[in-house]
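Chemist: Starting off with a structure, shown below.
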Amino acid sequence: MPELPEVETIRRELAAHVSGRTIRRAQVLDARLVQGRAVDEFEQRLSGARVQTADRRGKYLLLRLDACVLVLHLMMSGRVHLRPAADVQPHTRLVLTLDRDPAVHLVDVRRFGRAWAADAADLRDILGRLGPEPLGGGFDWRTLQASFRNRRVAVKSALLDQRAVAGVGNIYADEALFTARIHPTTPAGQLSQAQLQALADGVTAALTSGIANFGTSFSTFETTQGTAGENQTRLHVFRRTGQPCPRCGAPIRRMVVGQRGTHFCGECQREA
DNA sequence: CATTGGACCTGACCGC
DNA sequence: TGCGGTCAGGTCCAAT
């Protein structure tokens, strides 16, 4: 599920509901979730801590506590739910019981999600290699140019590299390339300045739309309230194989790039 | 260094 | 109904 717009949607809901609350108890229900320290130490670090704010860096969710930062990465299937502490549903991996309901539940079917109770040094290790925040002002065609220089990989793969720009995943990479009219397998280092500018704009536009529509959900809910996002109705190409391109009407095609399903318009996005 | 392929997990869905 | 294969919004690591 979660790329930058989905994580940002969750962050906003968490900020509204848990800022200023105290974590009475942290229960890890799947030891594989916890990174960097023992499970009991992780739980102890969180228990009793007050939540200051909810932040985000790329696809990482950051709950800033008094003495450390709870870092969550939801990977493919992780979700954050706000519901009563006693209402623990299947596949729940972490429950943060606060000083009043609702509690924070991390639910993750595939168990790829990760969590850290991070100090400042841990935070540098975890976040240190991320590229610029795409909506944070430090991102433009020049940062893409610097990252893509001399790279022969498909631009789709280069966009998914979090060192280039933080937070873009499979949905928004396809959408950004469509908006920029760039074929997904174009070697990253071969893009013209005009193409890099269009791509930077496409990334920004796709992510901004995703946030405005509360994220993209397929078949299953993802906001903390259990409601679906709305962005899936606004997508131009992603998972629209065979349906008409909104720009020219040609059928959207699907191919595999870097082992990821990739959707594009063969007419609007010509091979170089 | 850059790039590729596999691994990590579970569940849904499709065709036979 | 059961079985096998494919697919899924991400990242890391080993091999080349």
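Start counting the first sequence at -4; every next residue gets the next number (this note's numbering). Ideal Cβ positions, reconstructed from N, Cα and C, are used throughout, including at glycine.
So, at 6 Å on beta carbons, what are the nonlocal neighbours of residue 209 in its own chain, with the 5 sequence-adjacent residues on each side left out?
Modeler: Hits under 6 Å: 4, 224 and 225.
Chemist: Return the first residue and the last residue of the beta strand (DSSP E) that residue 47 is part of.
Modeler: Where residue 47 is concerned, the enclosing beta strand (DSSP E) stretches over 46 to 52.
Chemist: When the Cα atoms are used, what is the spatial distance from residue 39 to residue 93?
Modeler: So the alpha carbons of these two residues sit roughly 14 Å apart.
Chemist: Whose CA, out of 100, -3 and 45, lies closest to the CA of residue 14?
Modeler: Minimum Cα distance to residue 14 is reached at 45.
Chemist: Closer than 7 Å by C-beta to residue 79: which residues in its own chain qualify, once you throw out the five before and the five after it? Chain order, please.
Modeler: These residues qualify, in order along the chain: 96, 97 and 98.
Chemist: Can you list the alpha helix (DSSP H) stretches of 4 or more residues lying completely in the region 192 to 254, in chain order?
Modeler: Entirely contained in the region 192 to 254, not one alpha helix (DSSP H) run reaches 4 residues.
Chemist: Just the Cα atoms here: how many angstroms apart are residue 241 and residue 170?
Modeler: Distance between the alpha carbons of residue 241 and residue 170 is about 12 Å.
Chemist: To the nearest angstrom, report how far apart residue 266 and residue 253 are at their CA atoms.
Modeler: Each residue's Cα considered, the two are about 17 Å apart.
Chemist: On a Cα-Cα basis, can you pick out the residue from 37, 176 and 2 that is closest to residue 76?
Modeler: Checking every option, the nearest Cα to that of residue 76 belongs to 2.
Chemist: Whose CA, out of 149, 200, 184 and 262, lies closest to the CA of residue 167?
Modeler: Cα-wise, what sits closest to residue 167 is 200.
Chemist: Kindly indicate which three-state DSSP category residue 73 falls into: helix, strand or coil?
Modeler: Three-state DSSP puts residue 73 in a strand.
Chemist: Would you be able to state if there are at least three C-beta pairs under 8 Å between the region 105 to 112 and the region 176 to 185?
Modeler: Because the criterion of three Cβ pairs below 8 Å is not met, the region 176 to 185 and the region 105 to 112 do not touch.
Chemist: When you compare only the Cα positions, how much space is there between residue 243 and residue 121?
Modeler: If I take the Cα positions, the gap works out to 43 Å.
Chemist: At which residues does the beta strand (DSSP E) containing residue 18 begin and terminate?
Modeler: Looking at the DSSP string, the run of the beta strand (DSSP E) that includes residue 18 is 18 to 23.
Chemist: Below 8 Å between beta carbons: does that hold for residue 57 and residue 64?
Modeler: Contact: yes.
Chemist: Given that a residue counts as buried once 16 or more other Cβ atoms are within 10 Å of its Cβ, and exposed if not, what is residue 36?
Modeler: Exposed, since its Cβ has fewer than 16 Cβ neighbours within 10 Å.
Chemist: Please list the segments of the beta strand (DSSP E) lying wholly inside the region 94 to 162, counting only runs of 3 or more residues, in order along the chain.
Modeler: Whole beta strand (DSSP E) segments, 3+ residues: 98 to 103 and 109 to 113.
Chemist: Rounded to whole angstroms, how far is the Cβ of residue 197 from the Cβ of residue 161, which I believe are closer than 8 Å?
Modeler: Not quite, the Cβ-Cβ distance comes to about 16 Å (not below 8 Å), so this is no contact.
Chemist: Pop quiz: residue 54 and residue 8 are said to be a contact at Cβ under 8 Å. What is the actual Cβ separation, rounded to whole angstroms?
Modeler: At roughly 16 Å, the Cβ-Cβ gap does not stay under 8 Å, so residue 54 and residue 8 are not in contact.
Chemist: In the DSSP assignment, find the alpha helix (DSSP H) that holds residue 59 and state where it starts and stops.
Modeler: Element bounds for residue 59: not the alpha helix (DSSP H) but the beta strand (DSSP E), 55 to 60.
Chemist: Leaving out five residues before and five after residue 185 in sequence, what residues of the same chain have Cβ atoms less than 8 Å from its Cβ?
Modeler: Only 267 meet the Cβ criterion.
Chemist: If you compare alpha carbons, which of 68, 102, 72 and 67 is closest to residue 84?
Modeler: The residue with the shortest Cα to Cα distance from residue 84 is 102.
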